[in-house]
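Each residue of the sequence shown is one higher than the last, beginning at 2 in our numbering.
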Amino acid sequence: MNIQQMMRQAQTMQKKIEDLKQRIDVMEFEGTSGGGMVKITINGRNDILRINFDKSVVDPSDPDLLADLITAAFNDARKKLDDYSAGEMSGMASQLGLPPGVKLPF
């Protein structure tokens, strides 16, 4: 493989990574906590799009409960986003013939 082919391959890989990132940026990921009593939806940029919760988790005598459930739901959504992104990048790496475990930039 000559240097021009390597440069073309690198440009192709860069474009595919950017396309994937743009696609993931607009996807939605839902996280839950409290057995589904709190739900948070984020996009691929980690922007919170929606927070829904059952009224029963609002207890004026225990404000930390709701805060903890919201935090847990966000972390669940973030993990789903991270897992999806890692899986997509791993698939892209194998399509490009890269060895397993190579981490592409994201």
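Even glycine gets a Cβ: it sits at the ideal position worked out from N, Cα and C.
Just so it is clear, the structure is predicted and the values come from calculations on it, not from any experiment.
Collapsed DSSP secondary structure at residue i in the structure displayed
i: Leu67; result: helix
i: Val58; result: helix
i: Leu82; result: helix
Closest by C-alpha distance to residue i, when choosing among the options
i: Ile25; options: Met14, Ala11, Gln12, Asn44; result: Asn44
i: Lys40; options: Leu97, Asp77, Gly92; result: Asp77
i: Lys22; options: Leu97, Gly98, Met93; result: Met93
i: Asp83; options: Met14, Asn47, Gly35; result: Asn47
i: Phe75; options: Ile18, Gly32, Lys16; result: Gly32
i: Ser135; options: Glu29, Arg9, Ile4, Gln12; result: Here the chain has residues from 2 to 107 only, and residue 135 is not among them.
i: Met90; options: Leu70, Lys17, Val59; result: Lys17
Those residues which DSSP pairs with residue i across a bridge
i: Thr42; result: Glu31, Arg51
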